[in-house]
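Structure first, then comments.
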């Protein structure tokens, strides 16, 4: 499956003012979906459950990889301008936009994993390390991770083209915004901007790559010390009704016993 996906390679196409990029990871996900018990039934549900713990093992390897990249990147973080570093705080916007929607849709602890970030590899590794991927928080972050893999590059490519055509923000500012910690999303969005501003293509790619590197490096710390604690606090504050209902049910169960 991996070999087939890699042989297909990247595919780029224009969608309105933006550029969408399809990566091998997307092909592998789609092939894995059809291999499951719902369609081709090449893999049974029992085998899928048996393979679940191996996801955590692979994420542990990913966490080790991020550890090796964060250390050497610290001098770069200190030398970078304030704009590149402070723009990382913009990633916290997912909490305040997505949390109310998820709460209204009736999500429980899945909210914590789903809305604390755009759920790319660094966030996935942090949630897996703290909560595990078998619990509700793990299901939340994995759900957003898969949705981001399927639709993220297309969405970011289109949005970059739209905002670039509005002439509200400088292309360099938009280039910084392209670095959200995902190589596919950065490539799609920066590719759209480069196509719109060919005279600044090199600078756009440089800013986008630097921003993506910084997000990958400090994204672990942002999730660990800012995003997850804020999301936990919001959940405790605004999901009190669910908590009280749970306590009532527990009390009722004890009385019956």
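In my numbering, the protein residues as written are 42 to 298. Heads up, the beta-carbon is just placed ideally off N, CA and C, and yes, glycines get one too.
In three-state DSSP terms, what is residue 204?
helix
Those runs of the alpha helix (DSSP H) which lie wholly inside the stretch 123-173 and span at least 4 residues
123-127, 134-145, 151-156 and 162-171
Could you tell me if residue 155 is buried or exposed, where buried requires 16 or more neighbouring beta carbons within 10 angstroms of its beta carbon?
buried
Which residue marks the beginning of the alpha helix (DSSP H) containing residue 248, and which one marks its end?
242-263
Look at the Cβ atom of residue 201, then the Cβ atom of residue 215, and state whether they are nearer than 8 Å.
yes
I need the straight-line Cα distance from residue 210 to residue 233, nearest angstrom please.
15 Å
Measure the Cβ-Cβ separation of residue 71 and residue 78 and say whether it is below 8 Å.
no
By the DSSP assignment, the alpha helix (DSSP H) with residue 271 in it spans what residues?
269-279
Could you check where the alpha helix (DSSP H) with residue 266 kicks off and where it finishes?
Careful: residue 266 lies outside any alpha helix (DSSP H) and carries neither H nor E.
The alpha helix (DSSP H) enclosing residue 75, as first and last residue numbers:
65-76
Can you tell which of 46, 68 and 269 has the C-alpha that lies nearest to the C-alpha of residue 171?
269
Straight-line gap, residue 279 to residue 267 (C-alpha atoms, nearest Å)
18 Å
From which residue to which residue does the alpha helix (DSSP H) around residue 182 run?
177-188
Going straight from the alpha carbon of residue 186 to that of residue 229, what length do you get?
17 Å
Quick check: the stretch 172-181 against the stretch 142-160, are at least 3 beta-carbon pairs closer than 8 Å?
yes
Whole angstroms is fine: what's the gap from residue 207's alpha carbon to residue 244's?
20 Å
DSSP state of residue 197, grouped into three classes?
helix
Residues near residue 161 by beta carbon distance below 6 Å, same chain, minus five either side
222 and 223
Coarse secondary structure for residue 52, derived from DSSP in three states
strand
DSSP state of residue 84, grouped into three classes?
coil
Use the C-beta contact count for residue 135: other C-beta atoms within 10 angstroms, 16 or more gives buried, fewer gives exposed.
buried
Between which two residues does the alpha helix (DSSP H) harbouring residue 232 extend?
224-237
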